[in-house]
Amino acid sequence: MQSGEDISTYIATQGRHAIAHAERDDIVDPDDPADHQRIIQDLPLMRHLAEIAMEERLEVPRPDAYWKDHVYELAGFSKLFTEAGLEALRRGELAPHEKYECPEHYFVLARKQGKCFPLGKMKMFEGSIFNKTLVIILESESQNIRVRVALDFVNERLIFDPLQDVFFNQTRNSRSSVLEEIEFKKFLWCMFCNGKIEIWDETGEQQMAISQSCILTNVLLDYEAHQLQLEQLNKLLDQFPPD
89 MQSGEDISTY IATQGRHAIA HAERDDIVDP DDPADHQRII QDLPLMRHLA EIAMEERLEV
149 PRPDAYWKDH VYELAGFSKL FTEAGLEALR RGELAPHEKY ECPEHYFVLA RKQGKCFPLG
209 KMKMFEGSIF NKTLVIILES ESQNIRVRVA LDFVNERLIF DPLQDVFFNQ TRNSRSSVLE
269 EIEFKKFLWC MFCNGKIEIW DETGEQQMAI SQSCILTNVL LDYEAHQLQL EQLNKLLDQF
329 PPD
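As structure tokens, this is what we get:
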């Protein structure tokens with residue numbers, strides 16, 4: 089296809105229509121290597137036009153809609169609610185006669201480029217509608233860590249700010265508490281470095297939600313200071329006997 093050529097005319101004369109009626113008007117010969125190669129090159133165009141037609145005529149979403157509309161970010165949580173309850177959340181509210189029941193326990197981690205940094209199992213501490221989003225707070229089993237995330241069903245986004253949406257109660261009174269702080273520091277650093285937060289069910293088999301990559305603004309990261317903190321915590325760890 090030449091640049092500037094009308095697509096509909098091109099398809100009608102040089103595409104599938106011409107091949108199907110080749111016995112009457114032999115415009116395209118799929119057995120000719122040159123024509124065969126051109127047909128193969130035209131396939132992405134025809135596939136894309138077919139997807140548009142199916143979306144407009146049959147209301148079948150295009151394959152990229154799942155990613156373009158960020159439906160995957162809250163996919164796990166979306167399965168928990170009825171269609172009526174979900175439609176209300178997409179308006180930024182709760183349906184008055186619907187029950188919104190969520191699992192009590194979850195598994196939370198940060199991930200970047202195949203490496204993950206888990207906070208471990210966490211339980212639902214509270215949840216409420218705020219600014220048209222379903223805000224939930226998850227708490228670690230030790231009660232030393234709390235993570236707040238916003239399930240924005242209006243825009244199909246999981247919202248999490250690692251600078252404001254985490255709470256850590258520093259104790260350092262046992263080996264497990266120091267280990268927990270080390271894992272927490274690694275989790276935060278991953279998020280600071282464009283990581284994604286993921287929320288899974290407690291079995292780790294069903295992903296409930298995943299955020300976009302975290303992009304901080306007006307923040308200067310100090311890798312050496314981060315490494316120094318980890319070294320100090322590991323030295324402190326040696327002061328405690330194994331659990």
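Take the position in the sequence shown, starting the count at 1, then add 88; the result is the number in the working numbering.
Backbone N, C-alpha and C define an ideal beta-carbon position, used for all residues, glycine too.
Residue i, buried or exposed, once every other Cβ within 10 Å from all chains shown has been counted against 16
i      : result
Leu309 : exposed
Leu222 : buried
Gln164 : It should be pointed out that residue 164 corresponds to Gly in this sequence rather than to Gln. By the neighbour-count rule (16 or more Cβ atoms within 10 Å), Gly164 is buried.
Leu246 : buried
Leu162 : buried
Pro121 : exposed
Val235 : buried
Leu351 : One cannot answer for residue 351 here, as it falls past the ends of the chain, which runs 89 to 331.
Leu226 : buried
Met279 : buried
Ile128 : exposed
Ile140 : exposed
CB-CB length for residue i against residue j, believed under 8 Å
i      : j      : result
Ser301 : Asn282 : 5 Å
Ser262 : Phe328 : 6 Å
Leu276 : Leu325 : Their Cβ separation, rounded to whole angstroms, is 18 Å, which puts Leu276 and Leu325 out of contact at 8 Å.
Val237 : Ile287 : 7 Å
Pro191 : Asp130 : Wrong, their Cβ atoms sit about 49 Å apart, outside the cutoff.
Minimum C-alpha distance to residue i - residue among the options
i      : options                        : result
Lys167 : Asp326, Val307, Gln294         : Gln294
Tyr188 : Ile233, Ser230, Ile217, Tyr160 : Ile217
His314 : Ser265, Ile285, Lys273, Phe169 : Lys273
Glu319 : Ile270, Phe280, Asn306         : Ile270
Phe169 : Asp123, Met296, Lys220, Phe280 : Met296
Asn306 : Leu251, Pro330, Gly292         : Leu251
Asp94  : Gln129, Ile298, Leu133         : Leu133
Lys220 : Asn232, Gly180, Asp249, Ile233 : Gly180
Asp264 : Asp249, Pro330, Gln317         : With the sequence shown as reference, residue 264 is identified as Ser, and Asp is not the correct amino acid for it. The shortest C-alpha separation from Ser264 is found at Pro330.
Phe248 : Ile233, Gln231, Lys284, Gly215 : Lys284
Tyr160 : Tyr311, His124, Ile298         : Ile298
N-terminal and C-terminal residue of the beta strand (DSSP E) that residue i is part of
i      : result
Glu214 : 203-218
Tyr311 : No beta strand (DSSP E) contains Tyr311, which is instead part of the alpha helix (DSSP H) from 311-325.
Arg199 : 193-200
Glu286 : 284-289
Ser228 : 221-228
Ile233 : 233-240
Leu246 : 245-247
Ile328 : According to the sequence provided, residue 328 is Phe. The question's Ile does not apply to it. No beta strand (DSSP E) contains Phe328, which DSSP labels as neither H nor E.
Ile303 : No beta strand (DSSP E) holds Ile303; DSSP gives it neither H nor E.
Run of the alpha helix (DSSP H) containing residue i, from where it starts to where it stops
i      : result
Leu162 : Per DSSP, Leu162 belongs to no alpha helix (DSSP H) and is neither H nor E.
Ser265 : 263-280
Leu131 : 121-146
Ala176 : 171-178
Cβ of residue i within 9 Å of any chain E Cβ
i      : result
Glu171 : Looking for chain E here will not work: only one protein chain is present.
Should the stretch 254-266 be regarded as contacting the stretch 285-305, the criterion being three or more beta carbon pairs within less than 8 Å?
no
Does the stretch 200-212 come within contact of the stretch 169-188, defined as at least 3 CB pairs closer than 8 Å?
no
Inter-stretch contact at 8 Å, needing at least 3 Cβ pairs: the stretch 166-179 / the stretch 239-247
yes
Do the stretch 188-196 and the stretch 210-226 make contact, defined as three or more Cβ pairs closer than 8 Å?
yes
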